[in-house]
Amino acid sequence: MLKISSYSIRRICLCAVPAMVLLLGAPLWVFAGPEAALLVLPVAGACFVAIRSLMKQVATARAQECFLDEQLIQSQKLAAIGELSAGIAHEINNPLAIIAQEIEWARLQFDGVTSDSPGLEEARDSLNEIAVQVERCREITHKLLDFARKRDPLIQGADLNKLIEDMAKLVEKESSQKGIPIIRDYRTDLPPIFTDPPLLRQVILNLLNNAVYAIQQNGAITIRTRIPESGQVEMVISDTGVGIRKEDLDKIFNPFFTTKPPGKGTGLGLSICHSIIVRLGGRIAVDSEPGKGTSFAVRLPIFHNAQKKD
Amino acid sequence: MSAKPRVLIVDDEERYRTTLRKLLTVREIEARDVGSAMEAFSELEKASYDVILLDVKMPEIDGIEALGRIKRDHPSVEVIILTGHASVDAAVEIMKLGGYEYLLKPCPIDELVGKIESAWERKAARDKRQKAATNPHEAS
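Next up, the structure:
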């Protein structure tokens, strides 16, 4: 595999061009005089520019290949974890169902009991706490099954701005009360995209909810849509929240990774987003600066009429 | 139509089915419980039920196969599948076989009772329509 870094490009240019000047210029100097030898310089300059441009393109292609490799590894890792987690969720759901029912039954037994004993109140309180924790486990196992579910996306043409706006209005009800306006910067001539609208709505909602959580109180969320390159559209959701530490950025799409306190997050939201976006033929990237905020950029393929099913 | 639905719980987890029966009984829903699909088939021969709560993962005959046989032999009974493992393929298969609903364990008791009652209402409405079709004078 050809591996070329920017350092290599500089070195090749620095070696190849003087060598060319020497090899062509010296015979010309000898046989046709110094004026003719000087003509080599513009030719060498043009060669220098051409080689440099070519090498840069190779390096860019190499970087893109590395990025795709990383995305593939991440997808395969998530698929394997998905299989495993679905099995675990299934096994846990059954005993959890029994615990939930026993709580209901025990509550019914306590309902008719009247006593001044402080122990009875303690037992009721304890039962309520068990119910809260069972509900928490239920949420985790159900999300795990969502994560592992292999629904084939139902691909159709959709208006990305409209999908975003639906979710933005939903989140705005809560965010405006916390002093967090949602600023829209939609590109109005955005072409239709090729996607599964319910799955994409799930991703947008998750990213917006995360943004609100990262800000907590007083800040702003910005949603931007644009066409970064031919055949793709991009949605960027940025917040002015707490940001993510550099060492956490690599782990942000891993299942169960969360920076939220215990009981506040399952750590599955972003891994579900990642898995959905990959299935939709797109990619998701994160950029963050602690104390300043975070941006999630989602790129998706543009809808083509040829892909439309009759 | 009886005042409350008659429910048959089919689940191989003994503690799950017995506590569920007690919880439904407290809500004045007449319920019986059995531990396998074979026991369910023989129970359905002995008595009539409005709604069946059926587990999927059971030894010998699983819930999906049992659902097919129940709907074939007792088409009017409504079947609610209660399982610990949701999958879209299984859900589609269940709906194709005539299952009424597909619920993921653990399911809150209020939600389950709501589903039982709506399944029972659907069955009652269908029974009434069939009765009217076969005997129009009696139905009016």
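These protein sequence lines are chains A and B, in that order.
Reminder that position 146 of the first sequence reads as 146 in our numbering, one-by-one numbering, no gaps.
Reminder that position 130 of the second sequence reads as 130 in our numbering, one-by-one numbering, no gaps.
All C-beta atoms, glycine included, are put in the ideal place defined by N, C-alpha and C.
No experiment lies behind these values; they were computed from the predicted model shown.
For chain A, is any of its Cβ atoms less than 9 Å away from the one on residue i?
i	result
residue 22/B	yes
residue 34/B	no
residue 57/B	yes
residue 51/B	no
residue 30/B	no
residue 140/B	With a pLDDT of 47 at residue 140/B, under the threshold of 50, the modelled position of that residue is not reliable, and no figure is offered here.
Taking the beta strand (DSSP E) that residue i belongs to, which residues open and close that run?
i	result
residue 184/A	182-185
residue 31/B	30-34
residue 293/A	293-301
residue 226/A	221-226
residue 287/A	283-289
residue 157/A	156-158
In whole angstroms, give me the CA-to-CA distance for residue i and residue j.
i	j	result
residue 123/B	residue 115/B	12 Å
residue 245/A	residue 206/A	20 Å
residue 212/A	residue 189/A	28 Å
residue 220/A	residue 283/A	24 Å
residue 204/A	residue 120/A	46 Å
residue 130/A	residue 110/A	15 Å
residue 42/B	residue 35/B	12 Å
residue 90/A	residue 59/A	47 Å
residue 135/A	residue 181/A	32 Å
residue 311/A	residue 46/A	Residue 311/A is absent from the model: chain A starts at 1 and stops at 310.
residue 170/A	residue 125/B	38 Å
residue 210/A	residue 161/A	19 Å
residue 96/A	residue 141/A	10 Å
residue 106/A	residue 58/B	27 Å
residue 20/B	residue 202/A	34 Å
residue 308/A	residue 195/A	Low local confidence applies: a pLDDT of 41 at residue 308/A is under 50, so the model's placement there is unreliable, with the coordinate-based value given in what follows. Cα-Cα distance, rounded: 11 Å.
residue 52/A	residue 24/A	20 Å
residue 250/A	residue 67/A	13 Å
Could you confirm whether any beta carbon from chain B is found closer than 9 Å to the beta carbon of residue i?
i	result
residue 214/A	no
residue 91/A	yes
residue 104/A	yes
residue 127/A	no
residue 101/A	yes
residue 272/A	no
residue 108/A	yes
residue 132/A	no
residue 276/A	no
residue 280/A	no
residue 199/A	no
residue 268/A	no
residue 145/A	yes
residue 136/A	no
residue 97/A	yes
residue 86/A	yes
residue 210/A	no
residue 218/A	no
Looking at the structure shown, is residue i part of a helix, part of a strand, or coil, going by DSSP?
i	result
residue 307/A	Residue placement at residue 307/A is flagged as unreliable, the pLDDT there being 44, under the threshold of 50; the coordinate-derived value follows with that caveat. The answer is helix: DSSP assigns residue 307/A an H, G or I state.
residue 103/B	strand
residue 67/A	helix
residue 55/B	strand
residue 140/B	The predicted position of residue 140/B is uncertain, since its pLDDT is 47 and thus under 50; a value taken from the coordinates is nonetheless stated next. In this structure, residue 140/B counts as coil in the three-state DSSP scheme.
residue 80/B	strand
residue 13/B	coil
residue 16/A	helix
residue 97/B	coil
residue 257/A	coil
residue 8/B	strand
residue 92/A	helix
residue 244/A	coil
In the DSSP assignment, find the alpha helix (DSSP H) that holds residue i and state where it starts and stops.
i	result
residue 203/A	197-215
residue 239/A	No alpha helix (DSSP H) holds residue 239/A; the beta strand (DSSP E) holding it covers 232-239.
residue 146/B	For residue 146/B there is no data in the structure shown, the boundaries of chain B being 1 and 140.
residue 36/A	34-38
residue 63/B	63-73
residue 269/A	269-279
residue 60/B	Per DSSP, residue 60/B belongs to no alpha helix (DSSP H) and is neither H nor E.
residue 251/A	No alpha helix (DSSP H) contains residue 251/A, which DSSP labels as neither H nor E.
residue 46/B	37-46
Residues of the stretch 99-117 of chain B with Cβ closer than 7 Å to any Cβ of chain A, in chain order: Against chain A - using a Cβ distance shorter than 7 Å - the residues of the stretch 99-117 of chain B are 104, 105, 106, 109.
What residues in the stretch 6-22 of chain B have a beta carbon less than 9 Å from any beta carbon of chain A? 13, 15, 16, 19, 20, 22
So if I threshold CB-CB distances at 8 Å, which residues from the stretch 159-172 of chain A count as touching chain B? none
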